[in-house]
Structure formats: C-alpha cells, structure tokens
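Visitor: Dropping the structure in here first, questions after.
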Amino acid sequence: LLRDDPNVQSFAERELDGLLCGADAESELLPVLRTYLATGRNKSRTAQLHHVSRPALYRRLEAIEARLGVDLDDFEQAASVHIALLAHDAQQR
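Here the sequence shown is numbered in the numbering used here, starting from 1 and rising by one per residue.
Structure (structure tokens):
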C-alpha cells in the first residue's frame with residue numbers, strides 16, 4: 001500500500017512539516033486545513049463547519065500558508081498539500 005511506502009511518508013512529512021512540528025498543529029490548524037481542502041477550498045463552508053467567522057478563518061489560512069510556505073489559492077500547491085495530508089492521515093490509521 002502507498003501508506004507504507006517510505007517515499008510517500010517522506011513526501012507527506014516534507015510537505016506538512018511546518019504544521020506537524022508546531023504545538024498547535026492538531027488543536028487548530030491541521031483540522032482547519034483538512035476541512036478547507038475536503039470542501040474544495042470553500043472558505044464559507046469551512047468557516048461554518050469550524051464555527052468561526054470568515055475573518056478568523058482567513059487568519060488561520062494565512063498562518064497555515066506561512067508555516068507551509070504555500071499559496072492555497074494556487075490549485076497545484078493546494079493539490080500537493082492535499083495529497084500529503086491524505087497520505088499523512090492514512091499513515092495515522
């Protein structure tokens with residue numbers, strides 16, 4: 001399986017390193033990223049699901065982008081992060 005492939009694990013760790021090493025990774029930013037990508041990058045829906053205002057969501061997304069060094073409005077960058085997150089989540093099972 002792909003989740004057992006060390007290259008896939010390395011890719012996921014490399015792409016998500018800025019979030020995985022932070023103290024608040026699981027508490028706030030990683031779940032927001034997960035929801036944002038799962039909703040097709042729908043900011044309104046993500047804010048609704050996390051019970052936060054859109055400005056609060058924008059601040060969290062900016063923090064995520066800064067930590068990962070990506071632009072989540074760019075499809076290719078967002079797709080790469082999404083694949084890494086799916087691989088990371090599969091490894092955690």
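Glycine included, each C-beta is placed from N, C-alpha and C at the ideal position.
Taking the alpha-carbon positions, what's the I83 to Q92 distance?
Guide: For the purposes of this step, residue 83 is identified with residue 83 of the sequence shown, where counting begins at 1. For the purposes of this step, residue 92 is identified with residue 92 of the sequence shown, where counting begins at 1. Using only the alpha carbons, I get a separation of about 14 Å.
Visitor: Name the two residues that bound the continuous alpha helix (DSSP H) containing V81.
Guide: Locating residue 81 in the sequence shown gives position 81, where the first residue counts as 1. For V81, the enclosing alpha helix (DSSP H) has its first and last residue at 75 to 92.
Visitor: Please classify H88 as buried or exposed, where buried requires at least 16 neighbouring CB atoms within 10 angstroms.
Guide: As a working mapping, residue 88 is identified with position 88 in the sequence shown. H88 comes out buried.
Visitor: Let me know if L58 comes out buried or exposed under the rule of 16 or more other beta-carbons within 10 Å of its beta-carbon.
Guide: As a first step, residue 58 must be located in the sequence shown, where it is residue number 58. With the sequence shown as reference, residue 58 is identified as Tyr, and Leu is not the correct amino acid for it. Y58 is exposed by the Cβ-count criterion.
Visitor: The alpha helix (DSSP H) with E15 in it runs from where to where?
Guide: Taking the first residue of the sequence shown as 1, we reach residue 15 at position 15. Start and end: 6 to 20.
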